[in-house]
Amino acid sequence: MTKKRFQLKNWAGWLLIVPGLAFHLYAVTVPAALGLYLPFTEWNGLDVPKFIGFDNFIEAFQDKIVGMALLNNVKWMLFWITVPIILAFFLAYLLTKVKKGQTAYQSIFFSTSIITVTVAGQIWFWLYNPFSGVNFYMDKVGLGFIEWPGLTIPSFSLVSVLIADMWRGFGGNVIWLLAAMSQNDKSLEEAARIDGAGRFRIIWNVILPQIRPTLVVVTMLTALGSFGAFEMVYVMTGGGPAHATETLSTYYYSLSTEGRRAGYGSAIALFQIFAALILIVFYGYLRKKKGWDV
Amino acid sequence: MKFNWRHIPLAVISVFALFPMFLLFMNAFKKKSEISKNPLGLPKHWSFDNFSKAWEQGNYDVAYLNTLIITCLTVLFVCIVCGLAAYGMTFLKTPGSGWFLGYLFVSMSMPLGFIPIFFMSIKLNLINTHMGVIIPSVGGAFAFNVFLLRAFMLGIPKDLLEAAKVDGSSTFKTFLAIILPLAKPAFIVVAIFTTLGSWNEIFLSNAILQADTMKTVSVAYLNFTSKYGTNWGLMAAGGVMTVIPMVVLFLTMTKKFVHGLQEGGVKF
């Protein structure tokens, strides 16, 4: 009798999970399975997907835009795992040393993230505008020689978009790193100072090792996100000029929404999943082989 | 008292963060002619013309309604389904929940399957419907929020539930009477971040909501900018109207936002 009731309770647990699981299946599991099958098909979303073997991959490897997009994603990652994270690290470090206004600074830094990306992109689009934005103002005060060419010149456009994206996203990192730092053992720092360690030595040898788990996770999530970079690019340049800011996501986005090419788009989306897998394996390696307790 | 030099770099970065938003708000109150003369300063004549014009030309009434429907339903569904699932996994000895958690964790690191979702929506006639955005948003947010709520629920003492069970409270009643009130801070965090995410979402919404009458404010603003791209005053006013609800939410709940992020950072 008791055993039967126990089992009944057991399965009641799944009844609570099932509603959410249904949403999850529709949004994550089924798309993941389809995402593995669709790359081998030609499909416009109307009839049944037609199996065509590896044709999409052959096309993708010959497609120059795919290469450019992948390279942009790598650049995007290299930028994001360095500049904003180092900036966030030092801001968090400075914040541990101020007594007043910690929360105020944190909310100011994070406030940019609440701005809808379409609006954030528009603000920066305007700032970069050669006739009305910052350049115009610089001209006025006689600094016209440092013209920022902004979005119109291919070699500058990716950096311009990245700066706008960093503006929008760096605040969360500051908050996370500060949360990790404020859990640090203060006495270690004190001891190092008494032993005569300089400021940078303390940062490198005392603070950094203590927040390494958080730092690794933040870097990891940032790198993962970089391969899905979409919103700011789509809003500011749409991938242009001449595909100079195209990322994998913006490319398969336009392939599927405008070109209705589900198969080919999915093949390109696989590159993104592949990059994610490499990063996850690397993360697992750090955890196991290096013994990083993350 | 000695001045702390660390406020200088912190203030510089604060200006970097706030200045673009300041520009947006200031330019929204300037006439077109004033912006070209005075792009970065305070408006000399405060005017609300841009707002009324943008409201009409951007179809903001319809867009606001769509956004409210999508955001409210997404938040509601997320809180219900994630709360129930987290409860089931934390307190009932559900068989296989360990494996399920592992699966959810893996699924979280995978990118959103945009193309399959988009083409599934075409097949299932979910294009230009609110549900076409709500269902994938809830499903996509499920794993993360279950983790967040579960982490919080683990801190609730089991004795309380045992006591409730002894008193004859049913599984569901225990959830409503004990878990929900105790886990309220976690639910609030989930709700505000889901609101923010849903309000600002464009990746799916832009593809699925194609008709002008179905667009959310964030997506509608894209259209608006491409139509009136040279009128900065109008654009700025539209932008302000797009972000103002989230700005107000943020200003009233700043502490919740910051603490929510801190907790999230510490937990992972």
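Taken in sequence, the protein lines are chains A and B. Take the first sequence: its position 135, counted from the start at 1, is 135 in the numbering used here, and no numbers get skipped. Take the second sequence: its position 101, counted from the start at 1, is 101 in the numbering used here, and no numbers get skipped. C-beta: ideal position from N, C-alpha, C; glycine also.
Shown here, residue 263 of chain B sits in a helix according to DSSP, grouped into three states.
In this structure, residue 115 of chain B lies away from residue 187 of chain A, with their beta-carbon atoms at least 8 Å apart.
Under DSSP, residue 99 of chain A shares a beta bridge with no residue. With a cut-off of 8 Å on Cβ pairs, the region 187-206 of chain A is not in contact with the region 241-257 of chain A, counting fewer than three such pairs. When the Cα atoms are used, residue 237 of chain A and residue 58 of chain B turn out to be separated by approximately 21 Å. Going by beta carbons, residue 178 of chain A and residue 95 of chain A fall inside the 8 Å limit. Under DSSP, residue 175 of chain B forms no beta bridge with any residue. Three or more Cβ pairs drawn from the region 181-199 of chain B and the region 74-86 of chain B lie within less than 8 Å of each other, which places the two stretches in contact.
Beta-bridge annotation (DSSP): residue 50 of chain A is paired with A:42. Here DSSP, grouped into helix, strand and coil, assigns residue 71 of chain B to helix. Between the C-alpha atoms of residue 261 of chain A and residue 49 of chain A there is a straight-line separation of about 11 Å.
The DSSP-derived three-state label of residue 46 of chain B is coil.
Annotation: the region 220-283 of chain A contains the following complete segments of the alpha helix (DSSP H) (minimum length 4 residues), in chain order: 231-236 and 248-257. Think of a sphere of 8 Å around the beta carbon of residue 233 of chain A: no beta carbon from chain B falls inside it, the nearest being about 12 Å out. Cβ contact annotation for residue 144 of chain B (same chain, cutoff 8 Å, sequence separation greater than five): 108, in chain order. With distances taken between CA atoms, residue 185 of chain A lies nearest to A:202 out of A:110, A:75 and A:202. Fully enclosed alpha helix (DSSP H) runs of no fewer than 4 residues occupy 64-80, 83-97 and 102-111 of the region 63-122 of chain A, in order along the chain. Using a Cβ distance threshold of 8 Å, residue 66 of chain A and residue 268 of chain A count as a contacting pair.
Per DSSP, the unbroken alpha helix (DSSP H) holding residue 165 of chain A starts and ends at 154-181. Taking 8 Å as the upper bound on Cβ-Cβ separation, chain A lies near residues 77, 80, 81, 82, 84, 85, 87, 88, 89, 92, 93 and 94 of the region 68-94 of chain B. In the DSSP assignment, residue 159 of chain B falls within the unbroken alpha helix (DSSP H) covering 158-166. Comparing C-alpha distances from residue 78 of chain A to each of A:53, A:159 and A:62 shows the shortest one belongs to A:159.
Among the residues of chain B, those whose CB is under 7 Å from the CB of residue 97 of chain A are 6, following chain order.
Considering only A:172, A:36 and A:120, the residue with the shortest C-alpha distance to residue 23 of chain B is A:120. Per DSSP, residue 252 of chain B is one residue of the alpha helix (DSSP H) stretching across 232-252. Separation of residue 200 of chain B and residue 253 of chain B (C-alpha to C-alpha, rounded to the nearest whole angstrom) is 17 Å.
Judged by their CB atoms, residue 165 of chain A and residue 220 of chain A are not nearer to each other than the 8 Å cut-off. Straight through space, the alpha carbons of residue 63 of chain B and residue 56 of chain B are spaced by roughly 11 Å. A direct Cα-Cα distance of roughly 15 Å separates residue 33 of chain A from residue 104 of chain B.
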